[in-house]
Amino acid sequence: MGKHLRKRRVELEKRVKQNSRDPEAWFELGLFEFKHGEHSSAEECFKMSLQVSGNRHVESMASLAVIRLDEGRYKDAEQLLRKALSLEPDYPDVIGLLSTAVCYLKKYDESVALAKKATEIDPENASAWNQLAIVLEIAGDLASGEKAARRSLGIDPKNSDHWITLGTNLEKQERFGEAEDAYKTSVRIEPHFALGHKCLEQLYLKMGRFEDAQLA
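Positions in the sequence shown are counted from 1; adding 994 to them yields my numbering.
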């Protein structure tokens, strides 16, 4: 981790120590840890945020659900997200995440309906379009998923996560050159983004570009 990132972590940790009952402080530290591949530490931060908020910090609940999705614990993710929506029923980002969870549970019709609902609630919400892109890809509709991914990037072109979504879609379509460009854009936007480097590495291995994979 570079000097700038270490400094940022120290600042976030200091804020938590000074405001240990502030759920937002724990949440922001958790986001930092998650973004840099420290998922166990991130989970503990999100849990602390929920604890000090009386289990009412929606963003921490949703972020914990994202970790459960990454772990393949889709039912647990679904439960967390339905709880989050009981607190804020029209939160587009949470609706989009729930659509992802139920998609993995093979509830495809509900999944697409939820994702579309999120974009209808807030048509300029890039995250909602990104979630729609993800569930359409999982459901096998790569063409529509690509359109949704590009719509999200039209709104927020500097979102490194959304470039990963587009790259994953293009990779599944075997448009490897375009996928490489999308992953490289993600890493260019956020050079220390662990997932971006991992996607590049796996793509290069698939393409037989082993030296590039080592450098990714």
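Cβ coordinates follow ideal geometry from the N, Cα and C atoms, glycine included.
With a threshold of 6 Å on Cβ separation, who are the neighbours of residue i within its own chain once the five nearest residues in sequence on each side are excluded?
i, result
"Ala1078", "Val1052, Met1055, Ala1056, Val1088"
"Phe1028", "Ala1036"
"Pro1017", "Ser1043, Val1046, Ser1047, His1051"
"Lys1178", "none"
"Pro1086", "Ala1112, Ile1115, Asp1116, Asn1119, Ala1122"
Spatial neighbours of residue i within its chain, please: CB distance less than 8 Å, with the 5 preceding and 5 following residues excluded, ordered by chain position.
i, result
"Leu1130", "Val1106, Ala1109, Leu1136, Ser1138, Gly1139, Ala1142"
"Ile1149", "Glu1118, Asn1119, Ala1120, Trp1123"
"Arg1144", "Leu1160"
"Ile1183", "Lys1152, Asn1153, Ser1154, Trp1157"
In this structure, does DSSP put residue i in helix, strand or coil?
i, result
"His1051", "coil"
"His1030", "coil"
"Asp982", "The structure shown does not extend to residue 982, since the chain spans only 995 to 1210, so no value can be given for it."
"His998", "helix"
"Gln1208", "helix"
"Glu1168", "coil"
"His1186", "coil"
"Asp1070", "helix"
"Glu1118", "coil"
"Pro1017", "helix"
"Glu1104", "helix"
"Glu1022", "helix"
"Tyr1085", "coil"
"Asn1163", "helix"
"Arg1203", "coil"
"Leu1091", "helix"
"Leu1099", "coil"
"Asn1153", "coil"
Looking only at its own chain, which residues have a Cβ that is under 7 Å from the Cβ of residue i, when we skip the five neighbours before and after it?
i, result
"Tyr1102", "Ala1133"
"Leu1081", "Arg1050, Val1052"
"Gln1167", "Leu1136"
"Asp1084", "Ile1115"
"Met1201", "Phe1170"
Below 8 Å on the Cβ atoms is my contact criterion, and I expect residue i with residue j to pass it. Report the Cβ-Cβ distance as a whole number of Å.
i, j, result
"Asn1124", "Thr1094", "With 8 Å as the limit, Asn1124 and Thr1094 do not qualify as a contact, their Cβ atoms being about 10 Å apart."
"Arg1067", "Leu1092", "Not quite, the Cβ-Cβ distance comes to about 14 Å (not below 8 Å), so this is no contact."
"Gly1090", "Ala1059", "That pair is no contact at about 11 Å."
If we call anything under 9 Å between Cβ atoms a contact, is residue i one with residue j?
i, j, result
"Leu1023", "Cys1039", "yes"
"Val1046", "Glu1072", "no"
"Gly1234", "Leu1197", "Outside the shown range of the chain, which is 995 to 1210, sits residue 1234, and nothing can be said about it."
"Phe1021", "Arg1002", "no"
"Ala1210", "His1186", "no"
"Ala1127", "Ser1146", "yes"
"Glu1174", "Leu1199", "no"
"Ala1019", "Leu1006", "yes"
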